[in-house]
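Enquirer: Going line by line, the protein sequences match chains S and F.
Everything in the first sequence is counted per this note's numbering, starting at -5 for the first residue and increasing by one.
Everything in the second sequence is counted per this note's numbering, starting at 261 for the first residue and increasing by one.
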Amino acid sequence: MKILIVDDEAINRTLLANMLYNAGYEQCVEAMDGVEAVKKFKNEKPDLVLLDVVMPGLSGFDVAPIIRKLAKGSYLPILFITALEDKESLVRCLEVGGNDFVIKPFDRHILIAKIRAHLKIRALSERIEQQNKALRLFNQRVAREHAIVEHIFSHAIVNRPEVVAHFDCFLKPAETFNGDLFLCESSPRGGIYFVVGDFTGHGLASAIGALPVTRAFQELSQQGVSISEIITELNRVLIKFLPSDMFMAAVVGEINAGGSRVNLWQGGMPAVIVSAKTDSGLRSIPSRHMALGILDEHELNTDCDTIQLGFNEQLVICSDGLIESTNQKGEMLLEEGLVDIVKKQIRTHGKIESNALFLSAKKHCAASSFHDDVTLVVFTSQPIKISMSQTPDIGLPSVHEIALDVEHLKQPDILQRVLQLAGQCEGIQAVRSIIYTVLSELFNNALEHGVLKLDSKIKVDSSGFHQYYESREASLKALSYGQINIRIESLPLKAKVLITVEDSGEGFEWSKASTLGRHHSIHDENFGRGLPLLHALCERVWFENGGSKVVCLLDTKT
Amino acid sequence: MEITSSYQNQGKVLVVDVGPKFDFSKVEEFRSVYSELGADVSHITVDLSRTEYMDSSALGMLLNMQKTLAKRELTYSIENARPQVAKILKISRFDKKFEIK
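1) Given that a residue counts as buried once 16 or more other Cβ atoms are within 10 Å of its Cβ, and exposed if not, what is LYS281/F?
2) What does VAL345/F reach in chain S if we use C-beta pairs closer than 9 Å?
3) Would you mind telling me which residues of chain F sit closer than 7 Å to TYR463/S, beta carbon to beta carbon, in chain order?
4) Quick one: does HIS402/S have its CB under 9 Å from some CB of chain F?
5) Just checking my contact of LEU44/S with ILE(-1)/S at CB under 8 Å: how many whole Å lie between their CB atoms?
6) Between the segment 198 to 232 of chain S and chain F, which residues of the former have CB atoms less than 8 Å from a CB of the latter, in chain order?
7) Mind pulling the beta strand (DSSP E) runs of 3 or more residues that sit fully within the segment 144 to 180 of chain S?
8) Which same chain residues end up closer than 7 Å to ALA210/S when comparing Cβ atoms and leaving out the 5 residues on each side of it in sequence?
9) May I have the straight-line CA-CA distance separating ASP455/S from GLU442/S, to the nearest angstrom?
10) Can you grab the Cα-Cα spacing for the pair THR264/F / ASP299/S, in whole Å?
11) SER484/S by DSSP, collapsed to three states: which one?
12) Starting from the C-beta of GLY253/S, find all residues in its chain whose C-beta is less than 6 Å away, skip the five residues before and the five after it, and write them out in chain order.
13) How many Å lie between VAL136/S and LEU205/S at the Cα?
14) Taking C-beta pairs closer than 7 Å, name the residues in chain S that ARG332/F reaches, listed in chain order.
15) Name the residue from TYR15/S, SER281/S, GLY331/S whose alpha carbon lies nearest to the alpha carbon of GLU318/S.
16) When Cβ atoms are compared, which residues of the segment 318 to 329 of chain F fall closer than 7 Å to chain S?
17) Helix, strand or coil for SER508/S? Go by DSSP, reduced to three states.
18) Going along chain S in order, which residues have a C-beta closer than 7 Å to the C-beta of SER309/F?
19) Rounding to the nearest angstrom, what Cα-Cα distance links PHE171/S and LYS34/S in this structure?
20) I'd like the list of long-range same chain contacts for LYS166/S, defined as Cβ closer than 6 Å, with 5 residues on each side in sequence excluded.
21) What number of angstroms, rounded off, separates the C-alpha of LYS36/S from the C-alpha of ASP366/S?
22) Please classify LEU131/S as buried or exposed, where buried requires at least 16 other C-beta atoms within 10 Å of its C-beta.
23) Here's the rule I'm using: 16 or more other beta-carbon atoms within 10 Å means buried, otherwise exposed. How should GLU79/S be labelled?
24) Is the number of C-beta pairs between the segment 286 to 294 of chain S and the segment 239 to 257 of chain S that are closer than 8 Å three or more?
25) Straight-line CA distance for PHE284/F to PHE358/F?
26) Since ILE335/S and LEU309/S are thought to touch, with beta carbons under 8 Å apart, how far apart are those beta carbons, to the nearest angstrom?
27) Starting from the C-beta of ALA77/S, find all residues in its chain whose C-beta is less than 6 Å away, skip the five residues before and the five after it, and write them out in chain order.
28) Candidates ILE452/S, GLY184/S, ILE109/S, ALA159/S: which alpha carbon is nearest ALA424/S's?
29) Using 9 Å as the threshold, is the C-beta distance between SER234/F and ARG411/S below it?
30) Is ILE348/F close to chain S, meaning its C-beta is less than 9 Å from at least one C-beta of that chain?
31) For TYR69/S, does the three-state DSSP call read helix, strand or coil?
32) Are LEU175/S and VAL207/S close, meaning C-beta to C-beta below 9 Å?
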């Protein structure tokens, strides 16, 4: 510990320095007047200053404020040592920035005790200063990390504006990150899928679950799967990604293209309200299931409610942050309270508006603010207007040519790989499954009849059916020569797909087969179903090269 | 195994969930589902909710199941088909042999 002794009398300085030395303070710096005191203070950075009051030039009263100003950071004790005894002078010692005083002649023990006490305070203050610094750094790091995560979230969890425009939503996170989630995405059938979810807790920890959920939801929406599949998949994702004490209450729904029917799965959310012109017509759909991310797949119930919406009728979905808001008496708003607010709004305004609904709910909890995230989503029955194509408006035309020889044909997953390639063409979303069926049909025909020369007629009875597939396997294994060429041309601008499959076989009498096929009774035979199916699915089907090459033209508009 | 099956309603109903792709590659798997059918079963439900596409060999497999089990008095239904798959069932007039839900 370094102590600065300021006194104009050399004898006093030596006396003090000796005393301090004996008390264990070996590092003392001396100054003989105010100017030198300031200079030494700057250079030596002492931990404590002993200051005489009466000095020529700058007095102790002048020096104290200067030093006080120079001392940055931790607590710096300035102790006056003075012969002045009057009350006023002593008060002034403290007023100009001193921390304590000792009156001459002073007692050695008292002075040392005071120095010890003040240095102890300085040590504490230094520790606080260090901790503050560490805390500042930590805060900066957290802020930066939050900024990064926020950036990721804002890019990963985005609803397309033309889809979200069909909803009136109000989202208010309790913190930067939202444990509530609202997702919507168009369905391939022209309707909309949506999820209103509420994760356990709020803040970053609960928001993190939103990422895998969003991803899964967007993929499933594009595939146009049923609500029950979305539920199953989201549940699977949540069980896989989240710790077991975290889960997501959710309302998951699909709105039809007309905007008049909603298939709704409701698990662990406050009752969904369906508005009506009269109070008695108001419906509410209470939670029917446990939240997602709790039950194993075989325990999960994916039953949905189907809700018919009349013209201009509204669907109101909210998270529990809203209905669990409490007033001064500690009473929660609850579902009943919300229903009352909804009824009141319909009576006065004829319709529900999310912002107004939130403000009414807020009035309920006048004193306190919302402790949890609040999400309010209102859908007003209306036809859905979203352009069907999710790819850029002008889809890229493409041609895939696949030449398969014997080695390829023997691969068990060969058809899957061909289909996967075909599925990547732009402009085919609406008929992807149909294209898969057509390709699968053409491929199997080319393989079974063209290359392997199997006769479908064996399939005439049940044992023959399996005999047929067994001989297919055996012939394929023994196959030494064979080729199938597949060409898939997608023309998004014309909304057409042209599929050509040619095999190395001898062809067949297609004119006979196709006329036969078209009028064939297909519901009772184990064979001969493929060709009529092709004719029904495609705009045109024709054969070339004596039947060894078949061309299908498909319309990609539904 | 992509095809899964379960008994419901005290073993009276067999529900077969076909999985994402219902085509030639499923011949053996599909047959094995009904090859050892419980004695109490009176109805078989084929659930196509996860099925992305089916082809004519799948249609054949469905009919073949009925033929194989013809001696037992069973009813059949095909459920939850997506629009494009349902179209194929409709084109093939499968409603004559199966109850389509």
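Glycine included, each C-beta is placed from N, C-alpha and C at the ideal position.
Expert: Here's the rundown:
1) buried
2) The answer, in chain order, is SER427, THR431.
3) Simply VAL287.
4) By this cut-off, HIS402/S is not an interface position.
5) That pair is a contact at about 5 Å.
6) Within the segment 198 to 232 of chain S, the residues whose Cβ lies closer than 8 Å to some Cβ of chain F are GLN217, GLY218, VAL219, SER220, SER222, GLU223, listed in chain order.
7) 161 to 166, 174 to 180
8) GLU227, LEU228, VAL231
9) One Cα belongs to ASP455/S, the other to GLU442/S, and the distance between them is close to 18 Å.
10) 26 Å
11) Note: SER484/S maps to strand in three-state DSSP.
12) SER375, GLN376, PRO377, ILE378
13) One C-alpha to the other measures close to 20 Å.
14) The premise fails here: ARG332/F is roughly 13 Å from chain S at the closest Cβ pair, so nothing lies under 7 Å.
15) GLY331/S
16) LEU319, GLY320, LEU323, ASN324, LYS327, THR328
17) The predicted position of SER508/S is uncertain, since its pLDDT is 46 and thus under 50; a value taken from the coordinates is nonetheless stated next. In the structure shown, SER508/S falls within a helical segment according to DSSP collapsed to helix, strand and coil.
18) SER220, SER222, GLU223
19) LYS34/S has its alpha-carbon roughly 52 Å from the corresponding atom of PHE171/S.
20) VAL368
21) Taking the CA atoms as reference points, LYS36/S sits about 53 Å from ASP366/S.
22) exposed
23) exposed
24) Below 8 Å, enough C-beta pairs join the segment 286 to 294 of chain S and the segment 239 to 257 of chain S to call them touching: three or more.
25) 20 Å
26) That pair is no contact at about 16 Å.
27) LYS98
28) GLY184/S
29) Residue coverage of chain F in this structure runs from 261 to 361, which leaves residue 234/F outside it and unanswerable.
30) For ILE348/F, at least one C-beta of chain S is nearer than 9 Å to its own C-beta.
31) Reduced to three states, the DSSP call for TYR69/S is coil.
32) It is a contact, given that the beta carbons lie within the stated cut-off.
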